[in-house]
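*Asks:* All you need for the numbering used here is the position in the sequence shown, starting with 1, plus 530.
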Amino acid sequence: MIKDNIEFVEENILNACRKAGRERSEVTLIAVSKTKPVSDIRQAMDCGIRTFGENKVQEIRDKTEEITEPVNWHMIGHLQANKVKYLPGRVCMIHSVDNRKLADEIEKQFAKADTVIDVLIEVNMAGEDSKFGLTPEETPDFVKEISSLPHLNIRGLMTIAPYTEDAESNRIFFKGLRELKNKINSMDIPGVNMDTLSMGMTGDYQVAIEEGATFVRVGTGIFGERDYSKTV
Ligand SMILES: *Cc1c(COP(=O)(O)O)cnc(C)c1O
Numbered sequence: 531m532i533k534d535n536i537e538f539v540e541e542n543i544l545n546a547c548r549k550a551g552r553e554r555s556e557v558t559l560i561a562v563s564k565t566k567p568v569s570d571i572r573q574a575m576d577c578g579i580r581t582f583g584e585n586k587v588q589e590i591r592d593k594t595e596e597i598t599e600p601v602n603w604h605m606i607g608h609l610q611a612n613k614v615k616y617l618p619g620r621v622c623m624i625h626s627v628d629n630r631k632l633a634d635e636i637e638k639q640f641a642k643a644d645t646v647i648d649v650l651i652e653v654n655m656a657g658e659d660s661k662f663g664l665t666p667e668e669t670p671d672f673v674k675e676i677s678s679l680p681h682l683n684i685r686g687l688m689t690i691a692p693y694t695e696d697a698e699s700n701r702i703f704f705k706g707l708r709e710l711k712n713k714i715n716s717m718d719i720p721g722v723n724m725d726t727l728s729m730g731m732t733g734d735y736q737v738a739i740e741e742g743a744t745f746v747r748v749g750t751g752i753f754g755e756r757d758y759s760k761t762v
């Protein structure tokens, strides 16, 4: 089933790339494995998936203990500063930087580990109260503010679009995130040249790819519905 799902998602990604005149290699599929067992992750690995997204630090710790093969783990969920210390050596990118305290703690912990971590700034494009992230208006100044932190490599922007049955209605937010990235690049902030847009989930990744996504984060579309009753 996971194999069929991945084939289906791959076909959709390919079609969206063709439609947008983009190369398939410009888009990385992040398989969002949160709440799912290691056996599911292994099935996805057997299909060639090497990039996984998780939203809980504890789950990243557990899963990276069990899966020792070289796969790329992305922290895509809301992150509390006091948990950052567990991430060096475990994740290759943090998608959810949205406040100074968190950025400072990432700097501190990754400096200690003597590594530079790729980060994305989370932007709440639709202004939903339920979501984390900066407003688009706040984002350029925030990028400028944290751009001098030497152990953060600001690669780009991430957004979680509203849940909707109509993917087209999220196009405006994906287009907006792309334009915001271009705007920030045009500011010529020293050390900042963003090349990454993390946007698009199961319901809307094709539209996101048409608007320039370089990472799409697909969970349900690969692993099926999540059962939160089994998790802490
Ligand atoms: C859970 C999650 C996803 C995947 O959502 P699906 O709709 O299951 O594809 C993507 N991004 C983030 C930040 C998530 O927390």
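Beta carbons: idealized from backbone N, C-alpha and C, even for Gly.
(1) List the residues that DSSP assigns as beta-bridge partners of H604.
(2) If you pair each beta-carbon of the stretch 552-561 with each one of the stretch 589-597, do three or more pairs fall below 8 Å?
(3) Looking at G686 and ligand 1, is the gap between the Cβ and the nearest heavy atom below 8 Å?
(4) Does the stretch 744-760 come within contact of the stretch 697-714, defined as at least 3 CB pairs closer than 8 Å?
(5) Given a threshold of 16 other Cβ atoms within 10 Å of its Cβ, counted over all protein chains shown, does N723 qualify as buried or as exposed?
(6) For ligand 1, is there any heavy atom lying closer than 8 Å to the beta carbon of N654?
(7) Taking the DSSP output, what are the residues bridged to F745?
(8) Between which two residues does the alpha helix (DSSP H) harbouring R630 extend?
(9) Going by DSSP, what residues sit across from G686 in a beta bridge?
(10) Would you say the stretch 557-576 touches the stretch 730-745, given that touching needs at least three Cβ pairs under 8 Å?
*Replies:* According to the structure data:
(1) As a first step, residue 604 is located in the sequence shown; it is residue number 74 there, counting from the start. DSSP output for H604 lists G583 and M623 as bridge partner(s).
(2) Remark: fewer than three beta-carbon pairs, one from each stretch, lie closer than 8 Å, so the stretch 552-561 and the stretch 589-597 are not flagged as touching.
(3) The residue given as residue 686 occupies position 156 in the sequence shown. For ligand 1, not one heavy atom lies less than 8 Å from the Cβ of G686.
(4) no
(5) Along the sequence shown, one-based indexing puts residue 723 at 193. Under the 10 Å beta carbon count, N723 is surrounded by fewer than 16 other beta carbons and is classified as exposed.
(6) Here residue 654 is taken as the residue at index 124 of the sequence shown, counted from 1. Outside the cutoff, so no.
(7) As a position in the sequence shown, residue 745 is number 215, starting the count at 1. Answer is T558 and S728, bridged to F745.
(8) Against the sequence shown, residue 630 aligns to sequence position 100. Taken as a continuous stretch (DSSP letters only), the alpha helix (DSSP H) holding R630 covers R630 to K642.
(9) As a first step, residue 686 is located in the sequence shown; it is residue number 156 there, counting from the start. Answer is L650 and T726.
(10) yes
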